[in-house]
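In the order they appear, the protein sequences are chains E and H.
The first sequence begins at 1347 in this note's numbering and counts up by one.
The second sequence begins at 1347 in this note's numbering and counts up by one.
Backbone N, C-alpha and C define an ideal beta-carbon position, used for all residues, glycine too.
Let me begin by presenting the structure, written as structure tokens, before commenting on it.
Number of protein chains: 2
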Amino acid sequence: MSIQARRERERAERERLIIEAARELAENEGWEAVTTRRLAERVEYSQPVLYSHFKGKDAIMAAVAVEGCADLAVELRAGRLAADGPEEALAAVADAYSSFAERRPALYDAIFSQRVDLPFATPEAPAALQAAFGELREAVRPFAGDDDLGLLTETFWSGLHGLVTLMRDGRLPREAHARRVAILLARFGSGL
Amino acid sequence: MSIQARRERERAERERLIIEAARELAENEGWEAVTTRRLAERVEYSQPVLYSHFKGKDAIMAAVAVEGCADLAVELRAGRLAADGPEEALAAVADAYSSFAERRPALYDAIFSQRVDLPFATPEAPAALQAAFGELREAVRPFAGDDDLGLLTETFWSGLHGLVTLMRDGRLPREAHARRVAILLARFGSGL
DNA sequence: TTCTCGTTCCTAGCGCTGCTAGCAATCCCT
DNA sequence: AGGGATTGCTAGCAGCGCTAGGAACGAGAA
């Protein structure tokens, strides 16, 4: 009993090690630098060990994404709660969102851009994901009016997502980001 | 003179052949199926020939993107001009945009998602790209109010882009797309 | 304590990728 | 008709995700 418990514990630790190594490698050098060989070398195990923990590289990225999402949720919540007044809260959440995407692009990509099969808009979605979406929803709630709150939140979120991804890929000029966010806020942060 | 002209013509034809083959392959089987080997086989030349036309695979994708953008511009324009009234025009453009992304996801990806270094928000941006953006801008213009028209258009575009990409990757439920677009239109298609 | 059975993990390798060096053949011009 | 440049091929490199098969190790039984 105790032996098996120890083994499972060690296994879980190694799994955490893999996820963390993948996250660090991705954040430092981008996802294209995260190869199974480099990852294996970094955790000081051979390649096939990775496959005893995860189905494949995509599953490793999905695990990193879920963890990263928890960080995002925390930052969104902090922004929202620090602000006073609903307009300020919405702006704070938008800023926190932009800031996260800017500071941790690899993580943002894993969560929102990479093609990785995480369940999203369903009850089976990871708790961290629902928490992050929940923060957005609470910030949007005061401005819902007659609109469906969930759909309104999804639309606002899409706006933020579009802004940060198009900017990061060089499709929108970086210097005007704040003004674009302000426009988005003006259009969503009012009773209509 | 004539000989060189013929050679250049043949070369240009072959380049078109490559671009078209890449586009078809991508639209039929996705970009991950577009490998230099398959592409070479399809145009009935050897692999290295591709590299005498394009710097690499990314450049081929960029070429496909520019062509696809012309198609997008045409569809946006058709939608805009067929509608009467500014609200209807904005809705028509949004629908045309969504429809393009839905019908031709590989093309949409090449233009707006893939990391490919096309100049975007600069005067050197391809004409087709500027044309497509221009259609959005004209549809948005009646609702600019005090906002900068360019920035407002970029923000509206970001909203559309976020909606279609998040939906296509399974991060937003497909069935509510029309309602989300309606919300976006309600927030951008009014004098504020 | 020794033997045996399971598990764990590594070596080696498959088929693929984007890309390129170097040679053969072809075509144009003198 | 021969010389020279251009064109496009064959072959190969380094790296990718992933996996088969066997070696080595540790746990329990005689």
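{"Asked": "Taking only runs of the alpha helix (DSSP H) that begin and end inside the segment 1404-1457 of chain E, which ones reach a length of at least 4 residues, in chain order?", "Found": "1432-1449"}
{"Asked": "To the nearest angstrom, how far is it from the Cα of H:A1314 to the Cα of H:A1386?", "Found": "What the structure shows of chain H is the stretch from 1347 to 1538, and residue 1314 of chain H is not part of that stretch, so it cannot be assessed."}
{"Asked": "Any beta-carbon of chain E closer than 8 Å to the one on H:P1519?", "Found": "yes"}
{"Asked": "Would H:G1414 pass as a contact of H:A1456 if the rule is Cβ separation under 8 Å?", "Found": "yes"}
{"Asked": "Please state if the CB of H:L1422 and the CB of H:L1439 are separated by a distance shorter than 8 Å.", "Found": "The identity of residue 1439 of chain H in the sequence shown is Val, whereas the question assumes Leu. The answer is yes: Cβ separation under 8 Å."}
{"Asked": "Where does E:R1369 sit, in a helix, a strand or coil, going by DSSP?", "Found": "helix"}
{"Asked": "I'd like to know whether the C-beta atoms of H:A1416 and H:A1474 end up nearer to each other than 8 Å.", "Found": "yes"}
{"Asked": "Can you give the Cα-Cα distance for H:A1471 and H:P1465, rounded to whole angstroms?", "Found": "5 Å"}
{"Asked": "For H:A1372, which of H:I1406, H:D1492, H:R1352 and H:G1402 has the nearest alpha-carbon?", "Found": "H:I1406"}
{"Asked": "Quick check on E:A1471: does DSSP put it in helix, strand or coil?", "Found": "coil"}
{"Asked": "Taking CB distances under 8 Å as the criterion, tell me whether E:W1377 reaches chain H.", "Found": "no"}
{"Asked": "When you compare each of E:R1384, E:A1351, E:H1399 and E:T1381 to E:R1360 by their alpha carbons, which one comes out closest?", "Found": "E:H1399"}
{"Asked": "Suppose you measure from the CA of E:H1523 to the CA of H:D1494; what does that come to, to the nearest Å?", "Found": "13 Å"}
{"Asked": "Rounded C-beta distance between E:G1376 and E:A1452? I'm assuming under 8 Å.", "Found": "6 Å"}
{"Asked": "Where does E:P1519 fall in DSSP's three states?", "Found": "coil"}
{"Asked": "Nearest to H:R1520 by CA position, among E:A1408, E:A1424 and E:E1500, is which residue?", "Found": "E:E1500"}
{"Asked": "Suppose you measure from the CA of H:K1403 to the CA of H:T1382; what does that come to, to the nearest Å?", "Found": "7 Å"}
{"Asked": "Taking H:A1467 as the query, report the chain E residues whose CB atoms sit under 8 Å from its CB, ordered along the chain.", "Found": "R1517, L1518 and P1519"}
{"Asked": "Going along the segment 1402-1431 of chain H in order, which residues come within less than 7 Å of chain E, judged by CB to CB distance?", "Found": "none"}
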